[in-house]
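Q: Before I ask anything, here is the structure I am working with.
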Amino acid sequence: MLFILFVPVTRIGSAWHVANTTISAPYKAFSQEKIPAKIGTHIGLMHVNVTLCVNFIIIYEC
């Protein structure tokens, strides 16, 4: 009986598992430059979302 009530409630919820971490990723392929970034995941019954946010500001000098 509990299972019958639990499944519809969890389908409405936004995510079963949420995780994030800070990483150092290459700027582009075959580059030695690294950029700090934050990667996050949200996993649910009907969706999976992976987000990458970069944590730096680009300053162009002439």
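Residue 44 in the UniProt record's numbering sits at position 44 of the sequence shown; the count goes up by one each step and never skips.
We put the beta carbon where it would ideally sit given N, CA and C, even for glycine.
1) Out of curiosity, what's the CA-to-CA distance linking Asn55 and Ile39?
2) Look at the alpha carbon of Ile35 and the alpha carbon of His47, and state the distance between them as a whole number of angstroms.
3) Do Ala25 and Thr41 have their C-beta atoms closer together than 7 Å?
4) Leaving out the 5 sequence neighbours to the left and right, which residues in its chain are closer than 6 Å to Cys53 when beta-carbon positions are compared?
5) What's the C-alpha gap between Phe30 and Gly44?
A: Checking against the coordinates, here is how it stands:
1) The residue labelled residue 55 in the question sits at position 55 within the sequence shown. The residue labelled residue 39 in the question sits at position 39 within the sequence shown. C-alpha separation (whole angstroms): 11 Å.
2) Locating residue 35 in the sequence shown gives position 35, where the first residue counts as 1. Locating residue 47 in the sequence shown gives position 47, where the first residue counts as 1. Going by the C-alpha atoms only, they are around 28 Å apart.
3) The sequence position of residue 25 within the sequence shown is 25, counting from 1. The sequence position of residue 41 within the sequence shown is 41, counting from 1. Cβ distance not < 7 Å, so Ala25 and Thr41 don't count as in contact.
4) Locating residue 53 in the sequence shown gives position 53, counting from the first residue. Excluding positions up to five away in sequence, the list reads Lys38.
5) Within the sequence shown, the letter at position 30 stands for residue 30. Within the sequence shown, the letter at position 44 stands for residue 44. One C-alpha to the other measures close to 35 Å.
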